[in-house]
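Undergrad:
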Amino acid sequence: MTHDRPLIAAIIGTGAIAHAHAQAIVDLAPRVRLAAVVDLDADRAQAFAQQFGADAVYSTAEALFAAERLDLVHVCTPPQTHVPLAIQALRAGVPALVEKPTALSLAEMDELVAVSRETGVPALTVFQHRYGAAAQRLIRLVREGVLGRPLVATCETLWHRTPEYFDLPWRGRWEVEGGGPTMGHGIHQFDLLLAVLGPWSRLTAFAARQVLPTDTEDVSMALVEFDSGALATVVNSIVSPRESSRLRFDFEHATVEVEHVYGYTDADWTFTPAPGHDELAARWTAQPSDEPSGHRGQIAAILDALAAGEEPGVGVDDARRTLELAAATYASAFRGAPVRAGEIAGDDPFLRSMDGGAVPWHPVKTRPEEALA
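The letter at position 126 of the sequence shown is residue 126 when you use the UniProt record's numbering, and the numbering goes up by one with no holes.
#1: Is it buried or exposed, glutamine 88, if we count other Cβ atoms within 10 angstroms and call 16 or more buried?
#2: Name the one or two DSSP bridge partners that tyrosine 232 has.
#3: Name the DSSP bridge partner or partners of residue 391?
#4: Helix or strand or just coil, what does DSSP make of tryptophan 200?
#5: For proline 349 and arginine 320, I'd like the C-alpha separation in whole angstroms.
#6: Rounded C-beta distance between aspartate 218 and proline 169? I'm assuming under 8 Å.
#7: Whole alpha helix (DSSP H) runs in the stretch 10-53 with 4 or more residues, listed along the chain?
#8: Since I believe alanine 207 is in contact with threonine 329 (beta carbons under 8 Å), could you give me their beta-carbon distance rounded to a whole number of angstroms?
#9: So which of Glu257, His253, Asp266 has the shortest CA-CA distance to glutamate 279?
#10: What separation, rounded to the nearest whole angstrom, lies between the Cα atoms of alanine 35 and tryptophan 269?
#11: Near glutamate 156, which residues of its chain fall below 6 Å by C-beta distance, leaving aside the five closest residues on each side in sequence?
#12: Under the assumption that glycine 294 contacts glycine 263 (Cβ atoms under 8 Å), give the Cβ distance between them as a whole number of angstroms.
#13: In chain order, what residues of the same chain lie with their CB nearer than 6 Å to the CB of proline 368, ignoring the 5 residues before and after it?
#14: Who pairs with isoleucine 8 in a beta bridge, going by DSSP?
#15: Is arginine 321 helix, strand or coil when you go by DSSP?
#16: Exposed or buried, what is alanine 10 when buried is set at 16 or more other beta-carbons lying within 10 Å of its beta-carbon?
#17: Can you tell me which of the three DSSP states proline 241 falls into?
#18: Within its chain, find whatever has a CB closer than 7 Å to the CB of histidine 21; leave out the 5 residues flanking it on each side and keep chain order.
#19: How is tryptophan 174 classed by DSSP in three states: helix, strand or coil?
#20: So for tryptophan 284, helix, strand or coil by DSSP?
#21: Determine the DSSP secondary structure at alanine 96, reduced to helix, strand or coil.
#22: Do you know how far the Cα of arginine 143 is from the Cα of arginine 283?
#23: Going by DSSP in three states, arginine 340 sits in which element: helix, strand or coil?
#24: Pairing CB atoms from the stretch 77-85 with CB atoms from the stretch 102-120, are three or more of them under 8 Å?
#25: For alanine 207, write down the residues that DSSP places opposite it in a beta bridge.
#26: Leaving out the 5 sequence neighbours to the left and right, which residues in its chain are closer than 8 Å to alanine 267 when beta-carbon positions are compared?
#27: What residue ranges within the stretch 82-144 form continuous beta strand (DSSP E) runs of no fewer than 3 residues, ordered along the chain?
#28: Relative to the C-alpha of leucine 70, which residue among Ala45, Thr214, Leu7, Gln189 is closest?
#29: For the alpha helix (DSSP H) containing alanine 307, name the first residue and the last one.
#30: Please work out which residues of its chain come closer than 6 Å, Cβ to Cβ, to phenylalanine 251, disregarding the five sequence neighbours upstream and downstream, and give them in chain order.
#31: Going by Cα to Cα distance, which pick from Thr255, Val239, Thr204 is closest to threonine 233?
#32: Name the one or two DSSP bridge partners that alanine 56 has.
#33: Which one of Ala308, Thr214, His129, Glu343 has the shortest CA to CA distance from histidine 260?
#34: Should glutamine 298 be labelled buried (16 or more other beta-carbon atoms within 10 Å of its own) or exposed?
#35: Enumerate in chain order the residues of its own chain whose CB-to-CB distance from glycine 356 is below 7 Å, with the five nearest sequence positions on each side excluded.
#36: What are the partner residues of valine 73, as DSSP defines its beta bridges?
Given below as structure tokens:
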């Protein structure tokens with residue numbers, strides 16, 4: 001695949017998040033063209049297609065894949081449809097870019113991993129915070145080893161949602177959304193945490209439903225140990241009136257931190273070298289950028305990879321590692337015990353669902369040991 005022609009894309013689902021995908025496609029023209037959109041709501045789909053210049057509208061994914069020759073399909077539907085639609089795309093030979101969360105369970109994620117490997121077609125997850133200029137710079141410096149060993153990190157997603165936010169029938173329900181802020185909100189921040197620090201080894205967590213009218217948690221907290229020996233705290237909340245997304249990394253030779261809400265630029269980052277390592281500040285500021293983090297950065301990187309015949313990010317293995325951290329957070333919180341990476345396997349109920357049948361505030365199963373009996 002080369003740059004001789006625009007890559008052809010389609011979007012399935014034309015709700016709120018689809019606008020970010022479509023705008024990125026428009027911004028990246030002529031490298032990519034939005035050929036078609038799919039939505040069960042014909043009027044909404046037509047209006048969306050007209051707004052973003054799509055040529056065709058379909059009511060089903062089956063009709064889309066039968067009629068169009070695509071290089072990439074964006075899956076922007078509610079979470080419970082992500083894996084079925086992505087598998088349909090892969091079997092049609094079309095790489096799929098799936099909004100988070102990729103899957104509702106590790107078992108479902110493993111099904112997607114298997115189909116991607118069977119077909120040789122990539123299934124990708126939207127984790128756009130990896131692709132801001134500062135995050136890419138940080139990842140490069142970590143890989144070069146110039147910051148020294150990672151020691152301590154803090155990852156906070158402190159957001160606020162009102163009860164009305166959950167009026168949509170697919171929000172706040174384990175079987176439809178997969179979880180609360182651990183799955184739907186904080187996952188972007190702790191995915192970037194994992195992208196910087198690498199594999200995690202074990203964690204201990206808590207989760208609670210503090211005030212919101214949901215089946216899922218509205219707060220979770222975890223203490224995470226990484227293979228490198230680094231320790232991190234991860235907080236996910238949607239009951240915090242002053243909204244903030246914050247990551248802080250303390251390495252041997254520097255502290256690197258960012259605070260933003262839904263997206264960052266270089267201006268949101270702070271780099272503090274340790275005494276005796278002032279030369280690192282010049283490495284940090286060597287290639288400044290005012291480009292905000294967002295869908296466009298990740299989609300541009302995907303287009304580069306597809307055009308070069310390379311594997312795009314974020315692929316199924318990376319996405320599974322991030323999803324496993326979410327599953328382990330729930331398993332540890334609801335069982336009251338630490339969880340090691342790779343431990344959720346076999347017939348573990350947390351492999352099949354994020355709640356594991358063990359939610360303490362569930363009206364029927366009130367204790368983890370009852371759910372596991």
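By construction, the Cβ of each residue, glycine as well, lies at the ideal position given by its N, Cα and C atoms. Nothing here was measured: the structure is a model prediction, and the numbers come from that model.
TA: Reading off the structure:
#1: It counts as buried.
#2: The sequence shown places alanine at residue 232, not tyrosine. DSSP output for alanine 232 lists Ala153, Val224 as bridge partner(s).
#3: The chain is shown only over 1 to 373; residue 391 falls outside these bounds and no answer can be derived.
#4: strand
#5: One alpha carbon belongs to proline 349, the other to arginine 320, and they sit about 17 Å apart.
#6: The pair is not a contact, with the Cβ atoms about 18 Å apart (cut-off 8 Å).
#7: If only uninterrupted alpha helix (DSSP H) runs of at least 4 residues are considered, those enclosed by the stretch 10-53 are 16-27, 42-52.
#8: Contact flag correct, Cβ pair sits at about 7 Å.
#9: The residue with the shortest Cα to Cα distance from glutamate 279 is His253.
#10: 37 Å
#11: Val235, Arg246
#12: Right, their Cβ atoms sit about 5 Å apart.
#13: Caution applies to proline 368, whose pLDDT of 40 falls short of 50 and renders its modelled position unreliable; the value that the coordinates give is listed next. Counting only Cβ-Cβ distances below 6 Å, and skipping sequence neighbours, we find Phe334, Arg335, Ala358.
#14: Arg33
#15: Here arginine 321 sits in helix by DSSP.
#16: buried
#17: strand
#18: Ile11, His74, Cys76, His295
#19: helix
#20: In the three-state scheme derived from DSSP, where H, G and I count as helix and E and B as strand, tryptophan 284 is classed as helix.
#21: strand
#22: Spanning the two alpha carbons is a distance of roughly 14 Å.
#23: strand
#24: Yes, they touch.
#25: Beta-bridge partners assigned by DSSP to alanine 207: Ser220.
#26: Asp290
#27: 96-98, 123-125
#28: The shortest C-alpha separation from leucine 70 is found at Leu7.
#29: 295-308
#30: Leu147, Gly148, Pro150
#31: Thr204
#32: Ala36
#33: For histidine 260, the nearest C-alpha among the options comes from His129.
#34: buried
#35: Tyr330, Ala331, Phe334, Pro349, Phe350, Ala371
#36: Paired residues: Ala10, Ala96.
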